[in-house]
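Okay, so here's the structure we're looking at.
Residue numbers (the working numbering): 646 to 878.
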């Protein structure tokens, strides 16, 4: 874990559903990339910490989200540092080939949130943030690259959020009329629909970002091919 002068760090959880078991030959290229990609993360500017299984070099043996789901949990000094590693390093090759090894997720599979510098998130905390993103859409407590919040915005949101009230105190002493109950229900459904639309849009933007990453890799491959051809001429 590296030292940092930042007051807040960015935590990220990414979950991926395997198409095949890790010992299946069809997923061997991904397994072979694990050590070099993790080593690159450890040496990347802005890297702070990543989750590893006790006695191992990675977290692929931890399956809190299901037997066929692997998790990646890490902490970075800034969002820019995480983005640069994810899309401007050797990790990009994993992104480009992800459909060979992982199923497409219908729900959000990546969540970001701010934490105090020095705090190391637990896998339970990370799974709670992902569940919050899936249930309510992006917020200062759980967001994505496509719908991000600054550490200051997250801190302001935390200060502005009133503490939860006991259930009894939250209840009105007057029973709600039938019309009022229907109005509240309609409003709740409207809010849920809006949250779903926001989440769908965020996923669309995330897919676009991954598509751009794929295109960038293709351009890089083409440039190398042109360079090889020029050298041979």
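Beta carbons: idealized from backbone N, C-alpha and C, even for Gly.
Under the three-state DSSP convention, the category residue i falls into
i, result
"residue 761", "strand"
"residue 707", "coil"
"residue 730", "helix"
"residue 774", "helix"
"residue 664", "coil"
"residue 654", "strand"
"residue 696", "coil"
"residue 791", "coil"
"residue 676", "helix"
"residue 756", "strand"
"residue 714", "strand"
"residue 682", "helix"
"residue 720", "strand"
"residue 802", "helix"
With 16 other Cβ atoms within 10 Å as the buried cut-off, status of residue i
i, result
"residue 751", "exposed"
"residue 789", "buried"
"residue 691", "buried"
"residue 763", "exposed"
"residue 803", "exposed"
"residue 783", "buried"
"residue 673", "exposed"
"residue 799", "buried"
"residue 670", "exposed"
Spatially closest choice to residue i from the options, by CA coordinates
i, options, result
"residue 678", "709, 655 and 738", "738"
"residue 709", "783, 787 and 662", "662"
"residue 755", "714, 763, 697 and 803", "714"
"residue 736", "803, 683, 665 and 793", "683"
"residue 703", "680, 658, 741 and 764", "680"
"residue 794", "670, 760, 730 and 675", "760"
"residue 787", "775, 797 and 767", "775"
"residue 805", "660, 791 and 785", "785"
"residue 651", "668, 688, 707 and 722", "722"
"residue 743", "666, 765 and 675", "675"
For residue j and residue i, believed in contact at Cβ under 8 Å, the rounded distance
i, j, result
"residue 654", "residue 693", "6 Å"
"residue 719", "residue 686", "7 Å"
"residue 656", "residue 771", "7 Å"
"residue 667", "residue 768", "Rounded, the Cβ-Cβ distance is 18 Å, inconsistent with contact."
Any chain B beta carbon closer than 9 Å to residue i
i, result
"residue 740", "The question asks about chain B, but that chain is absent: this structure has only one protein chain."
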